[in-house]
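Visitor: Here it is: the structure, laid out below.
Residue numbers (my numbering): 9 to 310.
As structure tokens, this is what we get:
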């Protein structure tokens, strides 16, 4: 899918959701690092786990997250907790997740929270997911990741949340992503194009009427990232896969930035939060966040 197959831009300027406006504010400060709070209990420093009672894994996770947040909030474009790591710890893990998001909102309200949720079901089921993810009596996140396999009709409960961000999986960062995502689709409008390209085109063309939608494209696939960027214009792209997954940062920035040299939410999780297993873990996380920020801006402005 080349530039000549790019779908036409909407006639009217796209609205911008509150989430998108918050991102733009962070980008204007040169901040593009999304700190992934994939806080796996087993990897939390032992001294921190030993500082709480053995029955309080939730407290250890929360204290770990709080220290990381305090150390990196002024450098972060966003925070992205992955719900799976908290769900794995049961009720206590979900309590830690809710406390973590509440702390960010109370202490750093200008830094958005993206819940890495990857949900997507029939519309009625999605109503439940939306309530859990977005409502105040739920997790109260600012944005979620979703998969669009069931189509726009089913995703409407998410898309209708005009104040929130809905970030749709297009090309994921894992090695086996191409099994389905690279399958060629014969489409009369755009010619032969991979499935991830059709997802990007449809989301750009038909799903973003409220200006609250973005896409996920892994840094581990820089050529595919370039194709998606050409397709979706200045739509936000969440870019996982740098750091521990080995994505090429220079290529990710060059191919992922929009016409304003912005538009990127570049996630690093393990490379930041587990940079040290000692008592200096928060300081190490800050150093890695600052280092990544500097590298992004060097490539972005080159």
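By construction, the Cβ of each residue, glycine as well, lies at the ideal position given by its N, Cα and C atoms.
Treat the numbers as computed from the prediction; the structure is a model and nothing was measured.
With respect to 6 Å, is the separation between the Cβ of residue 217 and the closest non-hydrogen atom of the ligand ADP below this value?
Guide: For the structure depicted, the ligand ADP is absent and the ligand set is empty, with no information on it obtainable.
Visitor: If you follow the beta strand (DSSP E) that residue 152 is in, where does it begin and where does it stop?
Guide: For this step, residue 152 is matched to residue 144 along the chain shown. Looking at the DSSP string, the run of the beta strand (DSSP E) that includes residue 152 is 151-154.
Visitor: On a CA-only basis, which of 284, 282 and 257 is nearest residue 274? Give me that one, please.
Guide: The residue you call residue 274 lines up with position 266 of the chain shown. The shortest Cα separation from residue 274 among 284, 282 and 257 belongs to 257.
Visitor: If you draw a straight line from the C-alpha of residue 19 to the C-alpha of residue 32, how long is it?
Guide: The residue labelled residue 19 in the question sits at position 11 within the chain shown. The residue labelled residue 32 in the question sits at position 24 within the chain shown. Unreliable positioning characterises residue 19 in this predicted model, as indicated by a pLDDT of 43, which lies under 50. A coordinate reading is not provided.
Visitor: Threshold first: 3 residues or longer. Then list the beta strand (DSSP E) segments lying entirely within the stretch 211-282, N to C.
Guide: 221-225, 245-247 and 272-276
Visitor: In angstroms, rounded to a whole number, what distance separates the CA positions of residue 27 and residue 76?
Guide: Here residue 27 corresponds to residue number 19 of the chain shown, with the count starting at 1. Here residue 76 corresponds to residue number 68 of the chain shown, with the count starting at 1. Distance between the alpha carbons of residue 27 and residue 76: 22 Å.
Visitor: Please determine, among 45, 56 and 85, the residue with the shortest C-alpha to C-alpha distance to residue 39.
Guide: Translated into positions along the chain shown, residue 39 becomes position 31. Distance check between residue 39 and each of 45, 56 and 85 places 85 closest, using alpha-carbon atoms only.
Visitor: Closest to residue 162 by CA distance: which of 132, 145 and 79 is it?
Guide: Along the chain shown, read from residue 1 onward, the residue named residue 162 stands at position 154. For residue 162, the nearest C-alpha among the options comes from 132.
Visitor: Assuming residue 176 and residue 225 form a contact by the criterion Cβ under 8 Å, report the distance between their Cβ atoms to the nearest whole angstrom.
Guide: Position 168 of the chain shown, counting from 1, holds the residue named residue 176. Position 217 of the chain shown, counting from 1, holds the residue named residue 225. Not a contact, Cβ separation roughly 10 Å.
Visitor: Report the CB separation of residue 122 from residue 79 in whole angstroms; it is logged as a contact under 8 Å.
Guide: Counting from one through the chain shown, the residue named residue 122 turns up at place 114. Counting from one through the chain shown, the residue named residue 79 turns up at place 71. Rounded, the Cβ-Cβ distance is 19 Å, inconsistent with contact.
Visitor: Which stretch, first to last residue, makes up the beta strand (DSSP E) that contains residue 87?
Guide: Within the chain shown, numbered from 1, the residue matching residue 87 stands at position 79. Start and end: 84-89.
Visitor: What does the alpha-carbon distance come out to for the pair residue 154 and residue 297?
Guide: Here residue 154 refers to the residue found at position 146 of the chain shown. Here residue 297 refers to the residue found at position 289 of the chain shown. Going by the C-alpha atoms only, they are around 26 Å apart.
Visitor: My guess is that residue 112 and residue 87 are in contact by the Cβ rule of under 8 Å, so how many angstroms apart are they, rounded?
Guide: Locating residue 112 in the chain shown gives position 104, counting from the first residue. Locating residue 87 in the chain shown gives position 79, counting from the first residue. Correct: roughly 6 Å between the Cβ atoms.
Visitor: How big is the Cα-Cα spacing for residue 36 and residue 300?
Guide: Your numbering for residue 36 matches position 28 in the chain shown. Your numbering for residue 300 matches position 292 in the chain shown. Going from the Cα of residue 36 to the Cα of residue 300 covers about 17 Å.
Visitor: Pull up the distance between the alpha-carbon of residue 16 and that of residue 69, whole angstroms please.
Guide: Here residue 16 corresponds to residue number 8 of the chain shown, with the count starting at 1. Here residue 69 corresponds to residue number 61 of the chain shown, with the count starting at 1. Because residue 16 carries a pLDDT of 46, less than 50, the predicted location of this residue cannot be relied on, and no value is offered for it.
Visitor: Using the C-alpha atoms, what's the distance from residue 125 back to residue 206?
Guide: Position 198 of the chain shown, counted from the first residue, corresponds to residue 206. Position 117 of the chain shown, counted from the first residue, corresponds to residue 125. Rounded to the nearest angstrom, the two C-alpha atoms are 22 Å apart.
Visitor: Does the separation of the CB atoms of residue 261 and residue 304 fall below 7 Å?
Guide: Within the chain shown, numbered from 1, the residue matching residue 261 stands at position 253. Within the chain shown, numbered from 1, the residue matching residue 304 stands at position 296. It is a contact, given that the beta carbons lie within the stated cut-off.
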